[in-house]
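First comes the structure, then the notes that go with it.
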Amino acid sequence: MNLAENLAEVISNIERAAKKTGRNLEDIQLIAVTKTVDVDVIEEAINLKLTNLGENKPQEIKRKYEVLDKENLNWHMIGHLQTNKVKYIIDKVCLIHSLDRLSLAEELQKKALEKNIYVNALVQVNVSGEESKSGLEPDNVKAFLEDIQKYDRIKIKGLMTMAPYKPNSEEVRYVFRGLKKLSDELKEINYENVEMKYLSMGMTNDYEIAIEEGSNMVRIGTALFGARNYKNNEEV
Ligand SMILES: *Cc1c(COP(=O)(O)O)cnc(C)c1O
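Okay, structure coming up:
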């Protein structure tokens, strides 16, 4: 694994896809997904200016947050978030990508109030309809945004989705197109505390297609760090 080389390739792919839609590299935020990646490798990533880091387990964010540079890193919670784990991460992350239910919103509001902070979140949407994926159905997002208006400590910054894995990533283009369309529709409505600023979509297998369809935040693990080794970390 040569992280610098992998990163150079990912960056050039991001740039090429961004240009196709009249955007630049700087318009796309790259989140390095560091789940199962050891702290010494993460430090190498940080030296390469990868400062937006994504994890899908609250305990991992907490553990790595404690030992890594606190000033310059932005942690992203990208996986399913159990309400009883909110307390571990709420004051450590810059963005929660997986807000998908009212009970979680309620807990975020409660813990944010306790700590006197605001919490930034994306609403996770299950565009593909795959049963194994979490997220709201696209048709329910509007009502959800209305319901969470009462939680004034939550700032919605956009939407997130995960596409199903397909060897031919062209087959998931419709997923990204669907999320972009939903985001554009929601932009027309002026909710308080809701901004459709970020579209978090695209992973190793499909980030170029996601960017072509309007993504401005990609979450990439394997293409940077190589295949994950779950020997010491069970997959979620
Ligand atoms: C693991 C994970 C990623 C990164 O996946 P890769 O295929 O390794 O790039 C992105 N998003 C979420 C939610 C993940 O859990």
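Add 17 to the 1-based position in the sequence shown for my numbering, that's all there is to it. C-beta atoms are modelled at their ideal positions from N, C-alpha and C, and glycine is treated no differently.
Check: Sheet register partners of A49 (DSSP bridge); Outcome: L70 and I237
Check: Distance between S115 and M94 (C-alpha atoms, nearest Å); Outcome: 7 Å
Check: Counted within 10 angstroms of its Cβ, other Cβ atoms place N137 as buried (16 or more) or exposed; Outcome: buried
Check: Nearest-angstrom Cβ-Cβ length linking D223 and S186, presumed shorter than 8 Å; Outcome: 4 Å
Check: Nearest-angstrom Cα separation, counted from R236 out to I173; Outcome: 18 Å
Check: Residue span of the beta strand (DSSP E) that contains Q141, given as start and end; Outcome: V136 to Q141
Check: Sequence-distant residues of the same chain with beta carbon closer than 7 Å to Q46, five excluded per side; Outcome: N69, N233 and M234
Check: Local Cβ density within 10 Å of N41, reported as buried at 16 or more and exposed below that; Outcome: exposed
Check: Burial state of P184 (16 or more Cβ within 10 Å); Outcome: exposed
Check: Distance cut-off 7 Å: I173 Cβ against heavy atoms of ligand 1; Outcome: no
Check: Run of the beta strand (DSSP E) containing L98, from where it starts to where it stops; Outcome: That residue, L98, is in no beta strand (DSSP E); it is neither H nor E in DSSP.
Check: The stretch 18 to 26 / the stretch 211 to 227 touching (three or more Cβ pairs under 8 Å); Outcome: no
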